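Letter 191 of the sequence shown, counting from 1, is numbered 195 in this note's numbering, and no numbers are missing. First comes the structure, then the notes that go with it.
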Amino acid sequence: MKEKKMSDVQRLKQDYPWIQTPLVVGAPMRLIALADLAVEVSKAGGIGFIGAGTDTSSLSTYFQHAQRLLGASALATKNGTMPIGVGFINWGADIDVAVSLIQKYRPAAVWFFAPSSTASLMQWTEKSREACPETKVWVQVGSVQEAMGAVRETKPDVLVVQGTDAGGHGLAQGAGLISLVPEVCDAVETYFSRDGGAGGERPVIIAAGGIAEQRSAAAAMTLGASGVVLGTRLLASYEANISKGYRDEVLRASDGGQTTVRTKVYDTLRNTNWAATHNARGVINKTYFDAMDGMGEEENRRLYTEETNKGDAGWGVENRMTTYAGSAVGLVKEVKGAGEIVREMRGQIGGVLDRAKAIL
Ligand SMILES: Cc1cc2nc3c(=O)[nH]c(=O)nc-3n(C[C@H](O)[C@H](O)[C@H](O)COP(=O)(O)O)c2cc1C
């Protein structure tokens, strides 16, 4: 008898037994999403990720902190994995340190992003699976081409499809979730139904980029996603490792299409080594205006460096501290606990879908 295929939701519940659906995920925001944020998201029935980014030097400490925070919580996990994930920016992270920590702490998931090449992504995936076969592999992609490259070469368990509204880094040339998610879903479906998927299992698809509340989360699910990622919304959570100036700027900014921009300007001044394919979305400030007005890189960098001494006063339109945030920043109006944000959103998605159905 032919075995009945599990639905994506069943698969998610099997792989991450503590979750509640619809699934809300906390993005691995580099050095902002640490143990407090990741654990709080998971405790609320989501999946929280620690954001190691390119820097694995303190990751062991973050994992130990997470273990302590999780200690009494008794979340159901699979095969003794830790009920949180960890995200790496592959082009800059130390693979050997990362892999040894994956082996030691056994996170439920690893999240890979922006590898320097397909070969590098394959290496990360293979080594991670060797180190801890129970740790599921999530890959964040920003185009149909990237998605299918990852699917063919690495057979990820989860594809995180990132639209161009996303805060922080992503493909410089991209599309919004509204067209990207269905096209990725179709391409993946075709690959597995027509070509058999080369013996792999179809990845679960999760959407990221511009989702800050229940309406956009419901929309992403109608597009074909089985879960949603929150980045910018969680910048305004008590657990985010973020300075007050940054958080206040996230709360202040509205009309994100006008007040944020995808640019390389902030990276250039901060001397980060992102490839030409990627830039980042952040709130527009003096650094950006000056660069557009023709100020030289050296002068702009000098002014930026000076600004880093101003503390919280360095953030704001008239100031220079980088404020990575997505175009949904205008929907972020108050600071709350990450758990409350996740629970509230999850609880309201069904109502939004019911209202949408009522128009039929
Ligand atoms: C401040 C900030 C830092 C981020 N750092 C990372 C990171 O280190 N690794 C990663 O894969 N994605 C990172 N992202 C992108 C998120 O994973 C996610 O795609 C994005 O936040 C979703 O869009 P949203 O911000 O509109 O919710 C970051 C996003 C923000 C806002």
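A virtual CB, placed ideally from N, CA and C, is assigned to each residue, including glycine. Predicted model, so just to flag it, every value in this text is computed and none were measured.
By a C-beta neighbour count over all protein chains shown, 10 Å radius and 16 as the cutoff for buried, is GLN14 buried or exposed? On the sequence shown, residue 14 is found 10 positions in, with the first residue counted as 1. By the 10 Å Cβ count, GLN14 comes out exposed.
Where ARG364 falls, given that 16 or more other Cβ within 10 Å makes a residue buried: As a working note, residue 364 is residue 360 in the sequence shown. First, the amino acid is wrong: residue 364 is Leu here, not Arg. Per the 10 Å Cβ criterion, exposed.
Only counting the same chain, and skipping five residues up and downstream in sequence, which positions put a Cβ closer than 6 Å to that of GLY174? Against the sequence shown, residue 174 aligns to sequence position 170. For GLY174, where only same-chain residues beyond five positions count, the Cβ hits under 6 Å are GLY146 and GLN166.
Run through DSSP, which three-state label would VAL103 get? Residue numbering aside, residue 103 sits at position 99 when the sequence shown is read from its first letter. The answer is helix: DSSP assigns VAL103 an H, G or I state.
Assuming GLY91 and PRO32 make a contact with CB atoms under 8 Å, what is their CB distance in whole Å? Your numbering for residue 91 matches position 87 in the sequence shown. Your numbering for residue 32 matches position 28 in the sequence shown. Correct: roughly 2 Å between the Cβ atoms.
Under a Cβ-count criterion, where at least 16 other Cβ atoms within 10 Å of its own Cβ denotes burial, should ALA78 be classed as buried or exposed? The residue given as residue 78 occupies position 74 in the sequence shown. With fewer than 16 Cβ atoms within 10 Å of its Cβ, ALA78 is classed as exposed.
6 Å CB neighbourhood of ILE93 in its chain, flanking five on each side removed: Translated into the one-based positions of the sequence shown, residue 93 becomes position 89. Taking C-beta separations shorter than 6 Å and ignoring five residues to either side along the sequence, the partners of ILE93 in its chain run GLY57, THR58, PHE117 and ALA118, following chain order.
Neighbour-count burial assignment, GLN218, 16 or more Cβ in a 10 Å radius: On the sequence shown, position 214 is the one that residue 218 refers to. By the 10 Å Cβ count, GLN218 comes out buried.
What are the start and end residues of the alpha helix (DSSP H) that includes GLN166? Within the sequence shown, the letter at position 162 stands for residue 166. Here GLN166 belongs to no alpha helix (DSSP H); instead the beta strand (DSSP E) covers 162-166.
Tell me which same chain residues have a C-beta within less than 7 Å of the C-beta of THR272, skipping the five on either side of it? Working through the sequence shown from its first residue, we reach residue 272 at position 268. Cβ contact annotation for THR272 (same chain, cutoff 7 Å, sequence separation greater than five): GLU301, in chain order.
Whose CA, out of CYS136, LYS47 and GLY330, lies closest to the CA of ALA284? Working through the sequence shown from its first residue, we reach residue 284 at position 280. It is GLY330 whose Cα lies nearest to the Cα of ALA284.
Entirely enclosed alpha helix (DSSP H) segments - the region 236-277, minimum 4 residues: The qualifying runs are 236-239, 248-256, 260-263 and 269-273.
Are there three or more Cβ pairs, one per stretch, closer than 8 Å when the region 340-359 is compared with the region 207-218? The region 340-359 makes contact with the region 207-218: 3 or more CB pairs, one atom from each, lie closer than 8 Å.
Residue environment, GLN177, which counts as buried when at least 16 other CB atoms sit within 10 Å: Your numbering for residue 177 matches position 173 in the sequence shown. Exposed: under 16 other Cβ atoms inside 10 Å.
Hey, how far is the Cα of ALA170 from the Cα of THR236? Looking up residue 170 in the sequence shown gives position 166. Looking up residue 236 in the sequence shown gives position 232. Each residue's Cα considered, the two are about 8 Å apart.
Please state whether DSSP places TRP115 in a helix, a strand or coil. Mapped onto the sequence shown, residue 115 falls at position 111. It is a strand residue.
Where ALA332 falls: helix, strand or coil (DSSP): Translated into the one-based positions of the sequence shown, residue 332 becomes position 328. ALA332: helix per DSSP, three-state reduction.
Coil, strand or helix - ILE215 by DSSP: Along the sequence shown, read from residue 1 onward, the residue named residue 215 stands at position 211. ILE215 falls in the coil class under three-state DSSP.
Mind checking GLN144: buried by the 16 CB within 10 Å criterion, or exposed? Against the sequence shown, residue 144 aligns to sequence position 140. Looking at its Cβ environment, which holds 16 or more other Cβ atoms inside 10 Å, GLN144 is buried.
Please tell me whether, using a cut-off of 8 Å, the distance from the CB of HIS282 to the nearest non-hydrogen atom of ligand 1 is below it. Translated into the one-based positions of the sequence shown, residue 282 becomes position 278. Distances taken from the Cβ of HIS282 to the heavy atoms of ligand 1 include none shorter than 8 Å.
Under a Cβ-count criterion, where at least 16 other Cβ atoms within 10 Å of its own Cβ denotes burial, should LYS1 be classed as buried or exposed? As displayed, the chain neither begins before 5 nor continues past 364, which places residue 1 out of reach and without an answer.
Based on the DSSP secondary-structure assignment, which residues constitute the bridge partners of VAL141? Position 137 of the sequence shown, counted from the first residue, corresponds to residue 141. Answer is VAL114.
VAL45, enclosing alpha helix (DSSP H) - first and last residue: Mapped onto the sequence shown, residue 45 falls at position 41. Residues 39-47.
Taking 7 Å as the limit between beta carbons, can you name the residues of its chain near TRP128, skipping five residues before and five after? For this step, residue 128 is matched to residue 124 along the sequence shown. If we look at TRP128 and ignore the five residues flanking it on each side, its Cβ neighbours are ASN94, ILE99, PHE116 and PRO119.
Is it buried or exposed, ASP12, if we count other Cβ atoms within 10 angstroms and call 16 or more buried? Residue mapping note: residue 12 aligns to position 8 of the sequence shown, counting from 1. Counting Cβ neighbours within 10 Å, ASP12 comes out buried, since at least 16 surround it.
Residue span of the beta strand (DSSP E) that contains ALA76, given as start and end: Translated into the one-based positions of the sequence shown, residue 76 becomes position 72. Unbroken run through ALA76: none, as it is neither H nor E.
Three or more beta-carbon pairs under 8 Å between the region 121-137 and the region 297-311, yes or no? no
Pull the bridge partners of PHE67 from the DSSP assignment, please. In the sequence shown, residue 67 corresponds to position 63, counting from 1. Looking at the DSSP output, PHE67 shares a beta bridge with no other residue.
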